[in-house]
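Anchor point for the first sequence: position 147 equals 146 in numbering that gives the first Met the number 0, and the numbering is continuous, going up by one each time. Idealized CB from N, CA, C, for every residue including glycine. See structure below.
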Amino acid sequence: MAKRNELGITPQHEDFSAWYNELVLRAELADRGPVRGTMVMRPYGYRIWELIQSELDARIKATGHDNAYFPLFIPESYLKREAEHVEGFAPELAVVTHAGGEELEEALVVRPTSETVIGEMFARWISSYRDLPLLINQWSNVVRWEMRPRLFLRTTEFLWQEGHTAHASEEEALAEVRTALGFYEEVVRGVAAIPAVPGEKTASERFAGAVSTLTLEALARDGRAIQAATSHYLGQNFSRAFDINFTSAQGVQELCYTTSWGLSTRIVGNVIMTHGDDKGLVLPPGVAPYQVVVVPIGREGDLDAVMEAADALSARLSAAGVRVRVDRRTHLSPGFKFNEWELRGVPVRLELGPRDLAAGVVTLADRLSEEKEQRPLDTVAGEMPGRLAEFQQRLLARAERYRDEHTALADDREQMAAAVAEGFASVLHCGRAECEDEIQEHTKATPRCVPFAAREENGSCAWCGQPAAYGRRVLFARAY
RNA sequence: CGGGGAGUAGCGCAGCUUGGUUAGCGCGCCUGCUUUGGGAGCAGGAGGCCGCGGGUUCGAAUCCCGCCUCCCCGACCA
0 MAKRNELGIT
10 PQHEDFSAWY
20 NELVLRAELA
30 DRGPVRGTMV
40 MRPYGYRIWE
50 LIQSELDARI
60 KATGHDNAYF
70 PLFIPESYLK
80 REAEHVEGFA
90 PELAVVTHAG
100 GEELEEALVV
110 RPTSETVIGE
120 MFARWISSYR
130 DLPLLINQWS
140 NVVRWEMRPR
150 LFLRTTEFLW
160 QEGHTAHASE
170 EEALAEVRTA
180 LGFYEEVVRG
190 VAAIPAVPGE
200 KTASERFAGA
210 VSTLTLEALA
220 RDGRAIQAAT
230 SHYLGQNFSR
240 AFDINFTSAQ
250 GVQELCYTTS
260 WGLSTRIVGN
270 VIMTHGDDKG
280 LVLPPGVAPY
290 QVVVVPIGRE
300 GDLDAVMEAA
310 DALSARLSAA
320 GVRVRVDRRT
330 HLSPGFKFNE
340 WELRGVPVRL
350 ELGPRDLAAG
360 VVTLADRLSE
370 EKEQRPLDTV
380 AGEMPGRLAE
390 FQQRLLARAE
400 RYRDEHTALA
410 DDREQMAAAV
420 AEGFASVLHC
430 GRAECEDEIQ
440 EHTKATPRCV
450 PFAAREENGS
460 CAWCGQPAAY
470 GRRVLFARAY
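Written out as structure tokens, the structure is:
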């Protein structure tokens, strides 16, 4: 563990991993569970997830999907029906072999994802083109046995949402995959202020069993990429494996085209790594459990009046739609509270003491600019929604600047290695697996995505010199 | 699974090399008083199978053997 001063956390530039681990624990976002790789999401961290969840859930429903729930246990044989799928997940499965005091006839897999059970059920439910499209989403936990767990980023059990849909045509399924990526982008960029790059995964990074995978790739403040969400076009792979077929309007038996898409609690880690600084978390107002914290300051004689004013202010903020908390603890000094709420990333702090009260103002401290200013006590609540929106924009702009400054065009090995040490390398790439392996071996980087926004460009692979594939540049980075 | 590090109070650590009184320090916790505008002060107090099992010894946190767990770095992954 790197050194740090008594009260702070390890600075990012000194040891980003240590910074992250300390912050998650100290900000009370999460704690480690008793079983290796498991995580307890504490109320503050869980609230961030809930906020993302509710934003996403609203959009999922608004685009015609219905929530449902499928079982945690999956017969082992189901996984095996789709060859690539098993192969992809086999190493990380948790399998139940005993139950009720006896060995089971057939082992049960704890779901690593639900394509198989849902496929099985879809096959039962779909018989006619009139049953399509079938648009289902489930909020659930899944288990993937991880070699190297990290809180939020990679835990053995994690929470997510998985959408599963079945369609009568390829075009419709492909459009669905875009729709999902669209609302992910709204939430990731719009709510969590993470400027993730939308694009398509290369073959090597595709979901096991998918025809194509769309992704949102974000960049942490240590220059490593984090996948924020994925959306898979499964073609007929799973319909073939699970007999998801329907009778078309022409009376012909056809296989469905299916999709699946997910966003997990990893997004919380993404928020931390995108916005946090040496003082701790910086939360976008969109996902901040408390957007404003009011810290009353006063000694014995003044405290009642100050508390009363703080409560009144809090009530006006709530009425204005602001998530606010009054820090009523009396055994802690104001200075301690300032530091603590900064560590926990609250966007705006309002300090209210006898001096403010006498002047009819409140002292406003901004977590991002680290500046303080006085605002009139009677108008500050009304100004707050606008100020929070502006804070959100500033945060997004800062993250975008970081991303852009850490994305470099690279046209040879040397440039590529240098770029990847700092962030994204934008390169022409041949698309060959052997070349990707070699790149990873030498630079630890993998292809993250082929950005949609990249302009058409042809040439030769930055690494091996063979003709470039994809017709545009590919982003490589070291990834989480 | 490979390499590295660590298990001593709620948290962070010292003590171990060279065995020896009652295992110590900081923070936190409890009580009281004083405090409150950037991590408050004083006084008193509580809190320990020294990771687990075995061994050596008159005597083990300390030496020896075995085991377990956690963290970090690599290979796998949302």
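In the DSSP assignment, find the alpha helix (DSSP H) that holds residue i and state where it starts and stops.
i      : result
PRO333 : 333 to 342
GLU54  : 42 to 61
TYR479 : Note, TYR479: premise wrong, no alpha helix (DSSP H); not H, not E.
ALA202 : Element bounds for ALA202: n/a, residue is neither H nor E.
SER168 : No alpha helix (DSSP H) contains SER168, which DSSP labels as neither H nor E.
PRO295 : Taken as a continuous stretch (DSSP letters only), PRO295 belongs to no alpha helix (DSSP H), being part of the beta strand (DSSP E) at 291 to 295.
GLY285 : Careful: GLY285 lies outside any alpha helix (DSSP H) and carries neither H nor E.
GLY300 : 299 to 318
ALA417 : 412 to 421
For residue i, write down the residues that DSSP places opposite it in a beta bridge.
i      : result
PHE72  : VAL109
LYS446 : The amino acid occupying residue 446 in the given sequence is Pro; Lys does not appear at that position. Paired residue(s): PHE475.
TRP462 : TRP462 pairs with nothing; no bridge assigned.
LYS371 : ALA364
HIS97  : GLU102
TYR232 : SER211, THR258
LEU349 : VAL293, LEU363
ILE225 : ALA217
GLU156 : VAL142
HIS163 : ILE135, SER259
ASN457 : None; ASN457 has no bridge partner.
ARG149 : ARG153
SER238 : According to DSSP, SER238 bridges with nothing at all.
GLY279 : ASP276
ASP65  : ILE135
Just to check my reading of the structure: residue i and residue j have Cβ atoms closer than 8 Å, yes? What is that Cβ distance to the nearest angstrom?
i      : j      : result
THR9   : GLU21  : 6 Å
LEU316 : ALA380 : 5 Å
PHE390 : HIS405 : Going by Cβ atoms, the distance from PHE390 to HIS405 rounds to 23 Å, so no, they are not a contact pair.
PRO295 : LEU351 : 5 Å
TYR43  : PRO288 : 6 Å
ARG348 : VAL286 : Not confirmed; about 18 Å, so no contact.
ARG220 : MET272 : 6 Å
LEU213 : THR229 : 7 Å
LEU152 : ARG265 : 6 Å
ILE225 : TYR479 : 5 Å
HIS84  : ALA207 : 5 Å
SER263 : LEU233 : With a Cβ gap of about 19 Å, SER263 and LEU233 do not count as contacting.
ALA106 : VAL95  : 7 Å
VAL270 : ALA191 : 5 Å
TYR128 : PHE245 : 5 Å
ALA468 : SER459 : Actually they are not in contact, since the Cβ atoms of ALA468 and SER459 sit about 11 Å apart, beyond 8 Å.
ALA409 : ALA452 : About 18 Å; that fails the 8 Å criterion.
GLY32  : VAL23  : No, GLY32 and VAL23 are not in contact; Cβ-Cβ is about 13 Å, not under 8 Å.
VAL186 : LEU55  : 5 Å
PRO446 : GLU435 : 6 Å
HIS274 : ALA398 : 7 Å
Residue range of the beta strand (DSSP E) that residue i falls in?
i      : result
GLU199 : 196 to 199
SER126 : Run containing SER126: none; DSSP gives neither H nor E here.
SER211 : 211 to 218
ASN140 : 133 to 142
HIS84  : Not the beta strand (DSSP E): HIS84 falls in the alpha helix (DSSP H), residues 82 to 88.
ALA407 : 406 to 408
ALA357 : Run containing ALA357: none in the beta strand (DSSP E); it sits in the alpha helix (DSSP H), 353 to 358.
VAL325 : 323 to 325
Original post:
Which parts of the region 241 to 277 are runs of the alpha helix (DSSP H), unbroken and 4 residues or longer, counting only runs that do not cross its ends?
Top reply: 265 to 274
Subject >> Ranges of the alpha helix (DSSP H) found wholly within the region 10 to 42, counting only runs of at least 4 >> reply: 15 to 25
Original post:
Would you say the region 43 to 51 touches the region 162 to 169, given that touching needs at least three Cβ pairs under 8 Å?
Top reply: no
**OP:** Tell me, please, whether the region 334 to 343 touches the region 249 to 264 by the rule of three or more beta-carbon pairs shorter than 8 Å.
**Re:** no
Original post:
Is the region 201 to 209 touching the region 150 to 159, taking contact as three or more C-beta pairs under 8 Å?
Top reply: In the pairwise beta carbon analysis, the region 201 to 209 is classified as not touching the region 150 to 159: fewer than three pairs are separated by under 8 Å.
**OP:** Spell out a yes or no on whether the region 130 to 144 and the region 61 to 80 are touching, meaning 3 or more CB-CB pairs, one atom from each, closer than 8 Å.
**Re:** yes
Subject >> the region 174 to 188 / the region 435 to 445 touching (three or more Cβ pairs under 8 Å) >> reply: Of all C-beta pairs linking the region 174 to 188 to the region 435 to 445, fewer than three are shorter than 8 Å, placing the two stretches out of contact.
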